[in-house]
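Working notes for the structure below.
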Amino acid sequence: MNSVAIGKFVSDLTDYHELTLKQQQNIKKLDTISKKFFSRAKIHNISLNDSIDQAVILDSGHQPNFLPYPGIWKKAFLLSWFQKQLETKGKNSIAFFGFADQNLTTAKILSRNQIPYWNKKGNENIGFRIDEKEHFKPFCTIQKPSRDQWEKEMGKIAGFYLRNICKNTSDTVQEKPRIEDIIAILWKSYENSQNFSELNSMIFAKICYEILGIENIRFYTFSDISRENIFLEESKEIILLLPE
133 MNSVAIGKFV SDLTDYHELT LKQQQNIKKL DTISKKFFSR AKIHNISLND SIDQAVILDS
193 GHQPNFLPYP GIWKKAFLLS WFQKQLETKG KNSIAFFGFA DQNLTTAKIL SRNQIPYWNK
253 KGNENIGFRI DEKEHFKPFC TIQKPSRDQW EKEMGKIAGF YLRNICKNTS DTVQEKPRIE
313 DIIAILWKSY ENSQNFSELN SMIFAKICYE ILGIENIRFY TFSDISRENI FLEESKEIIL
373 LLPE
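Final position of the sequence shown in our numbering is 376; the numbers increase by one with none missing.
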């Protein structure tokens with residue numbers, strides 16, 4: 133979808149229903165969950181507008197992968213962009229981004245990734261290995277790496293990026309502080325998180341807010357929704373519709 137098509141989509145967005153009382157209650161609960169996540173991550177978050185009965189609710193999300201590839205960041209960017217476009221059209225809009233942290237720990241990209249690097253392969257592996265016996269557990273139950281493992285990997289990642297900067301002579305002075313800011317975010321997220329999925333979620337949210345300037349999204353985790361029994365009644369209705 134190009135920019136013209138997106139603009140037309142936003143302009144034509146008039147066919148949406150007002151939130152029911154139950155939906156408004158769920159949105160308020162979701163906002164509370166989001167605020168708790170922001171508090172744990174030490175992110176200064178925005179407050180929910182008082183009037184949500186006519187709000188357009190936008191929601192996106194993804195697995196909390198370790199330093200995900202650019203396509204995942206694009207989800208957050210477009211979600212933020214749509215919200216801002218709706219606001220310019222005079223439509224009250226609220227944007228949520230959920231982390232699917234209850235997925236089974238089978239995908240390597242949850243804990244590992246690759247970054248561009250000046251070698252024959254053109255990339256280097258970063259991240260952590262999760263023991264095979266943990267693979268079929270929900271990601272939100274997996275412990276974050278030990279402090280020694282984390283410190284070693286942070287030094288490795290910082291070294292890779294700084295060496296990449298040295299290879300590319302343009303903008304070297306400007307890029308080095310940005311790398312240091314990102315490494316600082318990684319460390320803060322490590323200190324504030326309770327498990328591996330929360331660690332990755334905080335990294336993603338903090339980079340959105342503190343590096344990319346995406347400050348109008350409310351982040352939350354699926355596990356927090358489950359703990360608070362939000363959408364419990366809706367889930368029961370869906371189960372009752374399943375064939376016997």
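Glycine residues also receive a C-beta, built at the ideal position from the N, C-alpha and C atoms.
- Annotation: F268 is outside any alpha helix (DSSP H) and is labelled neither H nor E by DSSP.
- Cβ-Cβ distances below 7 Å link K174 to K320 and N324 in the same chain, with the five nearest sequence neighbours on each side left out; the list follows chain order.
- Taking the CA atoms as reference points, L318 sits about 12 Å from E342.
- For F198, the closest C-alpha among the options A232, N245 and Y322 is that of N245.
- Cβ-Cβ distances below 7 Å link I262 to T237, S243 and I274 in the same chain, with the five nearest sequence neighbours on each side left out; the list follows chain order.
- Here DSSP, grouped into helix, strand and coil, assigns A227 to strand.
- In the structure shown, Q246 adopts extended strand secondary structure according to DSSP, grouped into three states.
- Annotation for G259: the continuous beta strand (DSSP E) segment containing it runs N255 to G259.
- For F214, the closest C-alpha among the options N348, E283, T353 and I362 is that of N348.
- Non-local C-beta neighbours of A290 in its own chain, meaning closer than 6 Å and more than five positions away in sequence, comprise I315, ordered along the chain.
- If one requires a minimum length of 3 residues, the beta strand (DSSP E) runs lying completely within the stretch 148-202 are 188-194, in chain order.
- With fewer than 16 other Cβ atoms from the protein chains shown falling within 10 Å of its own Cβ, N255 counts as exposed.
- When secondary structure is reduced to three states using DSSP, I349 falls in the strand class.
- Excluding sequence positions up to five before and after I241, its CB lies within less than 6 Å of the CB of N197, all in the same chain and listed in chain order.
- Assignment of L236 by DSSP, reduced to helix, strand and coil, places it in the strand class.
- C-alpha of R350 to C-alpha of Y293: approximately 30 Å in a straight line.
- The three-state reading of DSSP puts N327 in coil, since its state is none of H, G, I, E or B.
- Contact check for K161 and I311: beta-carbon distance about 38 Å, past the 8 Å limit, so the pair fails to qualify.
- No residue range can be given for S278, since it is assigned to no alpha helix (DSSP H) and is classified by DSSP as neither H nor E.
- The shortest CA-to-CA distance from L331 to any of Q155, S278 and L151 is the one to S278.
- In this model, V188 and F354 are separated by some 21 Å (Cα to Cα).
- Sequence-distant Cβ neighbours of A232 in its own chain, meaning closer than 7 Å and more than five residues away, are G193, H194, Q195 and F354.
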